[in-house]
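Going by my numbering, the residue at position 134 of the sequence shown is 118; the numbering climbs one at a time, nothing skipped.
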Amino acid sequence: MSIYVAIILGIVQGITEFIPISSSGHLAIIGSFFDLGNHFTFDVLLNLGTLTALVWYTRLQLLSLVRDFLRGKYSIVIKLIIATIPAVLAGFLFSDFFENLNTNIWIVVTMLLVIGILMITVKQKTSALKSLNDISLKTALIIGLAQTLALIPGTSRSGVTILAGLFIGLGSGLAAEWSFLMAVPIVAGASLKTLASIDGVQFVADNFWQVLVGNVASFVVGLLAIDYMMKLLKHQNLRTFGLYRLCLGAILVCLLIFGKI
C-alpha cells in the first residue's frame, strides 16, 4: 500500500466514521477499486485517528463522567457499559465472520440501501429528553443492540445508532451526542485489540508510515466531520444521507453487474 492510498483511506475514514454513510463500506469500496485485497487490519487501525478526534471533541463530557464516577454518580457510565456489551460480545464471538464480510461488496451495497431507506423514512419527533441523564437503561440497551449491526460493512455505526435513537423518540441532537459518546469504548476496544494482536504489531512494523499518515489524516478530517454533524443535526434530519446512500448503492449495483469492480 502506498502512502497516497493510506492518506486517501484515512480521509475517507475520518469523514465516514462520523457522517452516517458507512466508513467500513467506503473503505471496502476503495479497497476493491485499488485491488488491496483484505485490508481489514489497516482499516481497524485507522480508528486510532478517529478515536483520538472523538476523545478530543468529547473531552469535557468524558472529564465530567470521570468526576461523577469518582463522586459515586455512576448512572451514565452504567448506561455506556450496557450499551457497549452487545457489540463487544458479537465482535468477540463472531470476529472472523464479520472480518470476512468486509471484502463482500454485495453485503456493502445491501446495507447501504437498507439503512438509506430507513434514514429517508424515519420521522423526527419532538422529544422531552434533553440531556444524557434523561436516557434510560432500556434506551441505552436498545441503541447498544442496534450498534451490533455496525459490524456489518456498509451499515454505519453512527448512522444505525442515531437511527435507533430517533425511532425510540430521542431528538436528533441528543441521539447524535449519545452515539458519539458510545463510540469511545467500542472504537477504543476494537483498535487496541487489533494493535495488541501479533498480526497487528507485525502490520504496524511493516507499514509504520502508512499507518501514521493514515491516522493523522483520519484525526484531522474526523474532527471536522464530528463538528459538522453536531451542527447539522440541530436543524436537519438524516434524509440527505439516506439519499446519498441510495445513489451510491445504485451506482455500485450497476458497476457490479457490468463487472467494473
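All C-beta atoms in this analysis are idealised placements derived from N, C-alpha and C, irrespective of residue type, glycine included.
C-alpha gap between residue i and residue j, whole angstroms
i, j, result
"Gly153", "Leu35", "27 Å"
"Leu46", "Glu161", "12 Å"
"Lys215", "Ile3", "12 Å"
"Leu102", "Tyr58", "34 Å"
"Asn84", "Ala201", "26 Å"
"Leu230", "Ile(-13)", "31 Å"
"Ile210", "Ala189", "30 Å"
"Leu96", "Ile146", "15 Å"
"Val185", "Leu196", "14 Å"
"Leu116", "Val50", "15 Å"
"Gly206", "Gly198", "12 Å"
"Phe82", "Val168", "20 Å"
"Phe18", "Val237", "18 Å"
"Asn86", "Ile119", "33 Å"
"Asn191", "Val92", "26 Å"
"Ala172", "Leu44", "18 Å"
"Leu129", "Met(-15)", "35 Å"
"Thr94", "Asn31", "24 Å"
"Val(-4)", "Ser16", "14 Å"
"Leu223", "Arg55", "One detail in the question is off: residue 223 reads as Arg in this sequence, not Leu. Cα to Cα, Arg223 sits roughly 41 Å from Arg55."
Burial state of residue i, where buried means 16 or more other Cβ atoms lie within 10 Å
i, result
"Gly243", "exposed"
"Ile127", "buried"
"Leu73", "exposed"
"Gly33", "buried"
"Asp183", "exposed"
"Asp80", "exposed"
"Gly233", "buried"
"Thr178", "buried"
"Lys218", "exposed"
"Ala180", "exposed"
"Lys63", "buried"
Whether residue i touches residue j by CB criterion (8 Å)
i, j, result
"Thr0", "Leu165", "no"
"Ala67", "Leu125", "yes"
"Ala37", "Ile170", "no"
"Ala12", "Gln194", "no"
"Ile89", "Leu240", "yes"
"Leu150", "Val98", "no"
"Val61", "Ala174", "no"
"Ala134", "Arg141", "yes"
"Ile14", "Tyr228", "no"
"Gly226", "Pro137", "no"
"Gly(-2)", "Val144", "no"
"Ser156", "Asn221", "yes"
Range covered by the alpha helix (DSSP H) that runs through residue i
i, result
"Asp118", "Looking at the DSSP string, Asp118 is not in any alpha helix (DSSP H), and its letter there is neither H nor E."
"Asn86", "Careful: Asn86 lies outside any alpha helix (DSSP H) and carries neither H nor E."
"Ala59", "The question names Ala, yet the displayed sequence has Ser at residue 59. Note, Ser59: alpha helix (DSSP H), 59 to 77."
"Phe225", "223 to 241"
"Ser48", "43 to 54"
Going residue by residue through the segment 122 to 204, where are the continuous alpha helix (DSSP H) segments of at least 4 residues, counting only ones entirely within it?
141 to 151, 156 to 180, 182 to 190
Output the residue ranges of the alpha helix (DSSP H) runs that lie fully inside the segment -5 to 37 and measure 4 residues or longer, sorted by chain position.
With a minimum length of 4 residues, the continuous alpha helix (DSSP H) runs that stay inside the segment -5 to 37 are 7 to 17, 24 to 29.
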